[in-house]
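In UniProt numbering, the protein residues as written are 1 to 144.
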């Protein structure tokens with residue numbers, strides 16, 4: 001369970017084949033961060049994949065404020081060849097760096113599990129339909 005001292009945590013993540021681009025894989029993450037300052041960077045941080053593929057990472061974007069001074073951020077990563085992604089979440093704010101690396105084990109998504117999903121079940125209990133990118137809407141956002 002997340003307490004008020006935790007600065008960053010993964011809410012959920014999805015890995016899916018991109019139907020518009022053969023051979024492309026996309027990972028989308030929803031991340032919750034403690035609002036410690038106005039200027040901040042939240043990033044999906046690839047640790048390694050099971051091959052030598054290169055992951056393209058875009059910075060996470062602010063979605064909205066949440067209760068208890070937390071914020072919801074969303075980010076995408078994509079590749080043309082990897083079949084899995086081991087990753088953590090990096091949060092840079094006010095000269096400090098905070099990590100959510102699943103208690104040292106990193107998060108892991110793999111393509112051979114159709115629509116591979118990580119759900120961390122945040123204690124903030126965001127309803128799924130309250131998220132900007134619901135799983136049902138996922139195909140619309142894969143080509144960003």
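Just so you know, even glycine gets a beta-carbon here, dropped at the ideal spot from N, CA and C.
CB-CB under 7 Å to residue i, same chain, minus the five flanking residues each way: which ones, in chain order?
{"i": "residue 87", "result": "44, 45, 46, 47, 106, 107"}
By Cβ distance, which residues of its chain are closer than 6 Å to residue i, with the 5 residues on each side in sequence left out?
{"i": "residue 8", "result": "33, 89, 91, 98, 100"}
{"i": "residue 40", "result": "93"}
{"i": "residue 38", "result": "none"}
Excluding the 5 residues flanking residue i on each side, which residues of the same chain have their C-beta closer than 8 Å to its C-beta?
{"i": "residue 5", "result": "none"}
{"i": "residue 95", "result": "none"}
{"i": "residue 35", "result": "65, 69, 70, 71"}
Could you check if residue i is buried or exposed, using at least 16 other CB atoms within 10 Å of its CB as the buried criterion?
{"i": "residue 103", "result": "exposed"}
Do you know whose CA, among the options, lies nearest residue i's CA?
{"i": "residue 57", "options": "29, 11, 66, 17", "result": "29"}
Assuming the contact rule is C-beta atoms closer than 8 Å, residue i and residue j should be a hit. Round their C-beta distance to whole Å, please.
{"i": "residue 75", "j": "residue 61", "result": "7 Å"}
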